[in-house]
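In this text, residue positions in the sequence shown follow the numbering used here: the first is 13, and each later residue adds one. Think of the CB as a built atom: it goes at the ideal place given N, C-alpha and C, for glycine as much as any other residue. What follows is a single structure, written as structure tokens, with notes after it.
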Amino acid sequence: MEHLFKTTDHDQSKNPTSARRCIWVNGPLIVGAGPSGLAVAACLKQQGVPFLVIDRASCIASLWQNRTYDRLKLHLPKQFCQLPNMPFPDHFPEYPTKNQFIDYLESYARKFEINPQFNESVASAKYDETCGLWRVKTCGPARSDVEYICRWLVVATGENAECVVPEIDGLARFDGQVQHACEYKSGDGFKGKRVLVVGCGNSGMEVSLDLCNHGAFPSMVVRSSVHVLPREFNGRSTFALASRMLKWLPLWLVDRILLVMAWIVLGSLEKYGLKRPATGPFELKNKAGKTPVLDIGALAKIKAGEIKVVPGIKELSSNGVELVNGEYLHLDAVILATGYRSNVPSWLHESDFFCKNGFPKTALPNSWKGQSGLYAVGFSRKGLAGASMDAMKIAQDIGEVWRKETRRSCKTTACLRRCISQF
Ligand SMILES: Cc1cc2nc3c(=O)[nH]c(=O)nc-3n(C[C@H](O)[C@H](O)[C@H](O)COP(=O)(O)OP(=O)(O)OC[C@H]3O[C@@H](n4cnc5c(N)ncnc54)[C@H](O)[C@@H]3O)c2cc1C
Ligand SMILES: NC(=O)c1ccc[n+]([C@@H]2O[C@H](COP(=O)([O-])OP(=O)(O)OC[C@H]3O[C@@H](n4cnc5c(N)ncnc54)[C@H](OP(=O)(O)O)[C@@H]3O)[C@@H](O)[C@H]2O)c1
């Protein structure tokens, strides 16, 4: 691997020991080696465009490898989760396990010869108007700090890049174990313990279920409302049915039908402390990014009283929690299933394309393309299927420009650029 030129970073005057290498990327720089980044890389490969993928972690799909619990399975059928140009193996079940999904992603990276540069975290990215290029600064433990210069920047850092840890009164005073759902692996070690699970999204529900299965006593905080849908209706995936209906029917009507189906299968949930939002499940997902829960067993435990549903938290103390209804619960542990957020605003210095919440401003289906060679993959709130669609569009868009320009430059001059991109 070679770099075109080496410069001294401006910051060196402040810290003379920190030299920053400057590297020209021939083709797009993809930030993030999760499913989205891999999908773009594979599609670029097919377009004949070289690229470089970098990731702050030491492996591909670090969310799946390092920050998910053991019992996790894809919650949508496999045909909605496969990446472009490589289906899941036939022998995989309809809902692959986390390890099967990781195996699939490893094979995907091997098949398309994607070899990301690991342990490099992007600290800042800025478009340099003067030269019409992106300047992307990274830092990492393994290498000295680097500045990548590139024509195209593909943001693939994910909707779930950072854990959300809310401010809860008294959390610092609590003497028991506190962890975020991203650190939770299984209920091993929680047997007989009273655990407060904060949050009732897919993580909160599944962690509560897992705790129950390991002999713990979970209480799950539901501070507002939640849509719970059966994962399947009459043996068919609810999501697949909804996707089919959306081809013919308006979203509001599909939402109504889903709620009737949910009522038939699950019954009324209000008496268990689970209030439904006024907005339908798909509309809420589109408007606010709030994912409905696909039930995989937690509801039966709630109905049986094995998972206690409790209202919002007033304050934690050293050994328990006071709830907003005045009830006090003694606790041994707290698990924060309080969700995730994008980290794009912390490093991308740009305000036309991305909002303050780290998601593109542009509405679907155009949320993948910004100005000046900036792209976003995996931010359409449509899960892995949405990421695959973004990836194909991005690769095609860059591929067209790449082919035009390489044809032109080959006619006029020999290609002198040396680069570190893969191809
Ligand atoms: C518990 C859990 C279960 C899920 N299950 C499903 C499911 O069944 N189906 C579904 O469709 N979706 C699911 N999701 C949503 C999930 O976000 C997607 O499946 C998928 O991981 C998105 O891929 P991604 O590549 O966009 O983001 P990620 O998988 O999050 O990958 C982003 C990558 O960017 C890297 N990165 C972040 N910031 C930087 C930086 N500053 N510099 C360098 N690298 C950086 C990270 O290390 C990471 O490797 C689940 C999410 C969670 C949390
Ligand atoms: N099997 C699977 O495939 C699977 C499993 C887990 C997760 N996922 C996916 O991963 C993504 C993240 O899911 P998630 O469940 O981790 O997060 P989430 O859907 O964002 O849910 C976060 C939950 O935390 C609650 N919360 C936040 N702050 C709180 C506070 N201070 N007090 C009380 N409650 C608080 C929220 O309540 P409010 O609604 O009131 O804000 C919400 O119930 C989703 O896309 C999800 O589908 C998939």
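I'd like the span of the alpha helix (DSSP H) that includes residue i, first residue to last.
i: Y120; result: 110-123
i: E218; result: 214-225
i: T250; result: 250-258
What did DSSP end up calling residue i once you bin it into helix, strand or coil?
i: M232; result: strand
i: T303; result: coil
i: I308; result: coil
i: R288; result: coil
i: S9; result: The first residue shown for the chain is 13 and the last is 435, placing residue 9 beyond what the model contains.
i: L281; result: coil
i: I180; result: coil
i: V413; result: helix
i: F372; result: Checking the sequence shown, residue 372 turns out to be Pro, not Phe. P372: strand per DSSP, three-state reduction.
i: P105; result: coil
i: L396; result: helix
i: T142; result: coil
i: S421; result: helix
i: G44; result: coil
i: G49; result: helix
i: E244; result: strand
i: L341; result: strand
i: K90; result: helix
i: K320; result: strand
i: E195; result: coil
i: E295; result: helix
i: A403; result: helix
i: R32; result: coil
Quick one: is the Cβ of residue i within less than 6 Å of any heavy atom of ligand 1?
i: S363; result: no
i: A121; result: no
i: V233; result: no
i: S198; result: no
i: V134; result: yes
i: A173; result: yes
i: V43; result: yes
i: R83; result: no
i: F396; result: Sequence inspection shows Leu at residue 396; the Phe mentioned does not correspond to that position. True, at least one ligand heavy atom lies under 6 Å from that Cβ.
i: N355; result: yes
Please report the straight-line C-alpha distance between residue i and residue j, rounded to a whole angstrom.
i: R256; j: E295; result: 16 Å
i: I114; j: N337; result: 43 Å
i: G182; j: K123; result: 50 Å
i: Q191; j: V413; result: 47 Å
i: K75; j: G46; result: For the sequence presented, residue 75 should be read as Leu rather than Lys. Approximately 7 Å, taken between the alpha carbons.
i: S421; j: T303; result: 47 Å
i: G211; j: R393; result: 19 Å
i: D67; j: G170; result: 12 Å
i: Q129; j: L64; result: 8 Å
i: L221; j: S156; result: 44 Å
i: L263; j: I314; result: 30 Å
i: S358; j: G201; result: 36 Å
i: K416; j: G152; result: 35 Å
i: V238; j: K57; result: 41 Å
i: S329; j: V207; result: 14 Å
i: I72; j: W260; result: 38 Å
i: L50; j: I126; result: 7 Å
i: F366; j: F251; result: 28 Å
i: S363; j: K138; result: 11 Å
i: D187; j: N331; result: 6 Å
i: R147; j: V166; result: 13 Å
Is the beta carbon of residue i within less than 6 Å of some heavy atom of ligand 2?
i: G46; result: no
i: H192; result: no
i: N331; result: no
i: C212; result: yes
i: P105; result: no
i: P178; result: yes
i: S215; result: yes
i: H87; result: yes
i: T303; result: yes
i: G309; result: no
In terms of residues, what are the limits of the beta strand (DSSP E) holding residue i?
i: L265; result: Note, L265: premise wrong, no beta strand (DSSP E); alpha helix (DSSP H) at 263-278.
i: Y387; result: 386-388
i: L328; result: 325-328
i: E334; result: 332-335
i: R206; result: 206-210
i: Y160; result: 158-162
i: V190; result: 189-192
i: I126; result: I126 -> no beta strand (DSSP E), and no H or E assigned at all.
Practice problem: Within the stretch 53-79, note down every full alpha helix (DSSP H) run reaching 4 residues or more, in order along the chain. | Solution: 74-78
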